[in-house]
Amino acid sequence: MSTVSRHYFGCESLEDDHSFYIDIIEIMQEDYGMYVWPCSIILAEYVWQQRLRFSGVSVVELGAGTSLPGLVAAKLGANVILTDSSHKTEVLENIEKICNLNKLNCRILGLAWGEWQTPLFDLHPQIILGADVLYENTDFDDLFATVTFLLQNTPGSVFITTYHNRSGHHLIEFLMVKWGLRCSKLIDGFSFMPQTKAASLQGNIQLVEIMLNHTTN
4 MSTVSRHYFG CESLEDDHSF YIDIIEIMQE DYGMYVWPCS IILAEYVWQQ
54 RLRFSGVSVV ELGAGTSLPG LVAAKLGANV ILTDSSHKTE VLENIEKICN
104 LNKLNCRILG LAWGEWQTPL FDLHPQIILG ADVLYENTDF DDLFATVTFL
154 LQNTPGSVFI TTYHNRSGHH LIEFLMVKWG LRCSKLIDGF SFMPQTKAAS
204 LQGNIQLVEI MLNHTTN
């Protein structure tokens with residue numbers, strides 16, 4: 004069964020030029036990529052609040068699922084590529100339907116983390132987005148192999164991700180050292196959320212901006 008959820012950014016009455024909404028098709032199936040998770044809502048809100056950073060830049064969303072953060076970036080004028088596992092055809096097809104529903108022209112790409120496929124080498128994102136991609140610890144090395152490659156592929160680029168903080172900051176610190184990265188910003192995901200949105204969300208969610216650590220080179 005599918006439903007459509009509407010997500011507002013700015014004023015829900017759409018009284019100003021900056022406000023808009025994104026409609027998301029959610030499908031209640033076992034696949035985690037078919038509905039909107041709290042980390043996605045928080046990252047999408049952050050993108051909207053940081054909207055001046057996104058106009059005209061190239062953006063890749065990893066593990067996009069229902070793609071809310073990437074779609075907000077596209078609405079703000081970014082050139083967006085939405086990616087999810089090439090094995091998840093239903094997720095990729097749903098992303099296409101969501102893009103069409105919102106009349107947004109985003110490229111959709113099947114991308115497996117940690118695999119050096121030809122499309123990966125053509126990606127030069129200035130901003131990489133990922134909501135709740137730090138979920139399965141068996142995927143961490145593959146994820147950060149891909150993230151590190153993309154950061155190296157575009158000097159000055161940044162990876163912005165939201166995640167459920169289940170083990171303090173030790174996980175992020177470990178991954179930063181292992182992959183030669185650094186956190187340029189680490190904040191509580193609820194610290195910038197409007198109260199009306201935060202009230203419906205649960206969990207200890209952190210937002211982190213990650214860049215290459217040039218001091219290790």
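Read in my numbering, the sequence shown has 62 at position 59, and its numbers run on one by one without any break.
Positions of the beta carbon are idealized from the N, C-alpha and C atoms, including for glycine.
As the structure is a computational prediction, the values presented were derived from the model and not from experiment.
L95 places its beta carbon 8 angstroms or farther from that of L210. Ranking V60, Q155 and I190 by CA distance to the CA of Y166 puts I190 first. The distance from the Cβ of T86 to that of V50 is about 16 angstroms, inconsistent with a contact at the 8 angstroms cut-off.
By a beta-carbon distance limit of 8 angstroms, L79 contacts S58. Their separation comes to about 6 angstroms. Sequence-distant partners of F152 (beyond 5 residues in either direction) whose C-beta falls short of 6 angstroms from its own C-beta are missing from its chain. The count of Cβ pairs closer than 8 angstroms, one atom from the segment 13-22 and one from the segment 30-39, stays below three, leaving the stretches out of contact. Taking a cut-off of 8 angstroms for Cβ pairs, the segment 178-185 and the segment 144-161 touch, as three or more such pairs fall below it. Sixteen is the threshold: when 16 or more other Cβ atoms of the shown chains lie within 10 Å of the Cβ of C109, as they do, the residue is buried.
About 13 angstroms separates the Cβ atoms of A67 and I25, ruling out a contact at the 8 angstroms cut-off.
The beta carbons of W40 and D135 sit closer together than 8 angstroms.
In the three-state reduction of the DSSP assignment, M179 falls in the helix class. Judged by their CB atoms, L204 and I27 are not nearer to each other than the 8 angstroms cut-off. Under the 10 Å beta carbon count, G159 is surrounded by fewer than 16 other beta carbons and is classified as exposed. For secondary structure counted as the beta strand (DSSP E) over 3 or more consecutive residues, the segment 78-122 holds these complete runs in sequence order: 82-87 and 110-113.
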